[in-house]
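Asker:
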Amino acid sequence: MKETLRFLDTNMGPTIRSDVTTSMLCHKEEIFGPILLCMGQKWP
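Numbering (the numbering used here), first residue to last: 984 to 1027.
(1) Looking only at its own chain, which residues have a Cβ that is under 6 Å from the Cβ of Met984, when we skip the five neighbours before and after it?
(2) State the beta-bridge partners of Thr998 as determined by DSSP.
(3) I want to check one thing, is the minimum distance from the CB of Ser1006 to the heavy atoms of the ligand ATP below 7 Å?
(4) What number of angstroms, rounded off, separates the C-alpha of His1010 from the C-alpha of Cys1021?
If you want it as structure tokens, here you go:
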């Protein structure tokens, strides 16, 4: 039980990341949690 309590402060609440690019780690890796990644789009 002590080991579990040690990690309680690492929980992250709902998060929005803007200006994400395909080279960022948050775009490349699988994320488990309430997170929304917003990317820009170039229009012709």
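Beta carbons: idealized from backbone N, C-alpha and C, even for Gly.
Answerer: Answer, in terms of the structure:
(1) As a position in the sequence shown, residue 984 is number 1, starting the count at 1. Low confidence applies to Met984: its pLDDT is 45, below 50, so where it sits in the model is not reliable, and the reading given next is rough at best. There are no such residues.
(2) Counting from 1 along the sequence shown, the entry for residue 998 is found at position 15. DSSP, once it has assigned bridges, lists Ile1018 as partnering Thr998.
(3) This structure lacks the ligand ATP; in fact it carries no ligand of any kind.
(4) To locate residue 1010, count along the sequence shown from 1; it is residue 27. To locate residue 1021, count along the sequence shown from 1; it is residue 38. Each residue's alpha carbon lies about 10 Å from the other.
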